[in-house]
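Number of protein chains: 4
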Amino acid sequence: MKLSDAMTMMDAALAEARSRGVSVCISIVDEAAWPMAFIRMDNAPLGVIDVACKKARTAALFHMDSADFARIGHPDGGAYTLENTNGGLTSFGGGLVLKGADGVVLGGIGVSGASTEDDIDIARIAAKTLTA
Amino acid sequence: MKLSDAMTMMDAALAEARSRGVSVCISIVDEAAWPMAFIRMDNAPLGVIDVACKKARTAALFHMDSADFARIGHPDGGAYTLENTNGGLTSFGGGLVLKGADGVVLGGIGVSGASTEDDIDIARIAAKTLTA
Amino acid sequence: MKLSDAMTMMDAALAEARSRGVSVCISIVDEAAWPMAFIRMDNAPLGVIDVACKKARTAALFHMDSADFARIGHPDGGAYTLENTNGGLTSFGGGLVLKGADGVVLGGIGVSGASTEDDIDIARIAAKTLTA
Amino acid sequence: MKLSDAMTMMDAALAEARSRGVSVCISIVDEAAWPMAFIRMDNAPLGVIDVACKKARTAALFHMDSADFARIGHPDGGAYTLENTNGGLTSFGGGLVLKGADGVVLGGIGVSGASTEDDIDIARIAAKTLTA
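First to last, the protein sequences are chains A, B, C and D. For the first sequence, position 42 matches number 281 in the numbering used here, and the numbering has no gaps at all. For the second sequence, position 92 matches number 331 in the numbering used here, and the numbering has no gaps at all. For the third sequence, position 54 matches number 293 in the numbering used here, and the numbering has no gaps at all. For the fourth sequence, position 76 matches number 315 in the numbering used here, and the numbering has no gaps at all.
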């Protein structure tokens, strides 16, 4: 994944968030969970900065969307405390694993600041630009 | 426990993981929970590095397998938040306390990356080499 | 400072880095040192991600450029160990305090990955867009 | 870099350390500084576990040997406090950046526990197996 790919995703996420009238943070990390790009929209609460970053990190580190991760890293899931590894992970939606057309994991994107449903939708629309 | 013991365990774990066709991380710590040996198999998700280490650490620090630890370090267990001590512990299977033939605690082994059942089996087969 | 201001700075920094043929990370934080925007150019070493962020943070937290901070936060400076506060600060150039036309502190920008001289120049050219 | 490459390096480092009669820790990380393999020889002081890991991490994150890093991340160097970024880095010898025959960065190896000269030599002998 190149910076240009990340910037295209970022633009798509930003446009979608604006069209929904929400203020979010967007984090994009590479396949090793290292930050590639981040933006915070005006009026997003400061607390969601770290949430967006952890959502992207969770998806990249475990090769799964954070909503799926939520089912296992939960007191009633099969791997309670998994969410406490790696400096703290995110057990709810808004983090998506990014894959290329060939299915190879390229990284993760995390969106936070709106409703979880909006966060997920924005992330999905952004992620689609990778394989478009 | 000597490095040679840890390496024998590591070889056994690696062979078993390969025969099952899974990619795991394996961590072995001494009786004071300090790292002795670690390997990450090709294609294991990066997130499981820390999980394997925490499983081994949990077993060594509390003299019990992480699956047993899960029954007490859980919101419904007798010592909820115990899993949040010591930098974060692991409340699911795959970490085994290592004991000598005389029952003395020698350390811990943690396996992560496959199903919890596979992780536990691989750790058990490795641990058996200690008393063979 | 709005996200649009940060993005204008980011674009200017990116264009300047490209024209110099260097690969850098660029971090922009607000007046409370909270992240607003970040990008990592292709081929920048992973270690400079944190350096760029700490440069921006240092400038915003102490209302001074990191090169000026270096004169006091240093074993031979007047406030040795100041650089060890706030989670670790940066005692060399490449972090600039951002001020509006009226002199009010608006945040900080940090650039890292090229020579310190290039890092500083890139940050300066970006910062100028704020008061242009 | 595959686990098999890391294991070959590890074996070479271990053999060399034994022939010199020293006890060291050896850490090998990938190009994104994530752990691939680690061993601690019998009788190595516990404090050098983290040192070996940080040496390997320093080399991978900044694409340079830790002995070279020492010249810049030093109170009298051009980038004092650089050693305080990324969770703490290592400003003395024993960490080598690992490159393939084509010069591409593959990761880092860190050796600690003997004299710095021995640490460096052991790391070098191990690293040579990558391009042999």
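In this text, a Cβ means the ideal position worked out from N, Cα and C, and glycines have one as well.
Restricting attention to beta strand (DSSP E) runs no shorter than 3 residues, the segment 273-333 of chain C encloses them at 274-279, ordered along the chain. Within 7 angstroms of the CB of C/Pro274, the CB atoms of chain A belong to Phe277, Arg279 and Ile288, in sequence order along the chain. For the pair B/Gly286 and A/Phe277, the CB atoms are not nearer than the 7 angstroms cut-off.
A/Met275 and B/Thr329 have their C-alpha atoms some 30 angstroms from each other. Closer than 7 angstroms to the CB of C/Leu369 there is not a single CB belonging to chain D. Here C/Thr370 has Ala340 as same chain residues with Cβ atoms under 6 angstroms from its own Cβ, once five neighbours each way along the sequence are excluded. In the DSSP assignment, B/Asp357 falls within the unbroken alpha helix (DSSP H) covering Thr355 to Thr370.
About 4 angstroms separates the Cβ atoms of A/Ser266 and A/Ala291, confirming a contact at the 8 angstroms cut-off. The DSSP-derived three-state label of A/Ser351 is strand. In the DSSP assignment, B/Gly346 is bridged to B/Asp269 and B/Leu337. Look at B/Glu322: its C-beta is under 7 angstroms from a C-beta on chain A.
Rounded to the nearest whole angstrom, the CA to CA distance from A/Lys367 to A/Gly352 is 20 angstroms.
The residue among A/Ser354, A/Trp273 and A/Val263 with its C-alpha nearest the C-alpha of C/Met280 is A/Trp273. Around A/Ala271, the beta-carbon contacts reaching into chain D at under 7 angstroms are Ala271 and Trp273. Contact between the segment 319-327 of chain C and the segment 318-325 of chain D is present: three or more C-beta pairs spanning the two stretches fall below 8 angstroms. Straight across, the Cα-Cα distance linking A/Ala362 with A/Ser305 is about 11 angstroms.
Your pair B/Thr355 and B/Gly332 checks out as a contact, with CB atoms roughly 5 angstroms apart and the cut at 8 angstroms. For A/Phe331, no CB of chain B lies under 7 angstroms from its own CB, so it is not counted at the interface with that chain.
Interface flag for C/Leu345 against chain A is unset, since no Cβ pair is found closer than 7 angstroms. When the five nearest sequence neighbours on each side are left out, the beta carbons in the same chain lying within less than 7 angstroms of the beta carbon of C/Ile288 are those of Cys264 and Arg279, in order along the chain. C/Lys294 is the residue among C/Asp360, C/Ser262 and C/Lys294 whose C-alpha sits nearest the C-alpha of C/Val268. Straight-line spacing of the CA atoms in B/Thr297 and C/Asp360 works out to 50 angstroms. The straight-line gap separating the alpha-carbon atoms of B/Val350 and A/Ala365 is approximately 35 angstroms. When 9 angstroms is used as the limit between beta carbons, C/Ala309 is near these residues of chain D: Tyr319 and Thr320, in chain order. Counting along the chain, B/Ser262 sits inside no alpha helix (DSSP H), nor does DSSP assign it H or E at all.
Straight through space, the alpha carbons of A/Asp244 and C/Pro284 are spaced by roughly 18 angstroms. When secondary structure is reduced to three states using DSSP, B/Met240 falls in the coil class, being assigned neither helix nor strand. Interface with chain C (7 angstroms Cβ-Cβ cutoff): D/Asn325 is included.
Annotation: A/Pro314 to B/Ala256 spans about 28 angstroms, alpha carbon to alpha carbon.
Burial of A/Gly312 is indicated by the presence of at least 16 other C-beta atoms within 10 angstroms of its C-beta.
C/Leu242 is the residue among C/Leu242, C/Ala254 and C/Leu335 whose C-alpha sits nearest the C-alpha of A/Asp250. Excluding sequence positions up to five before and after D/Glu270, its CB lies within less than 7 angstroms of the CB of Ala299, Val344, Leu345 and Gly346, all in the same chain and listed in chain order.
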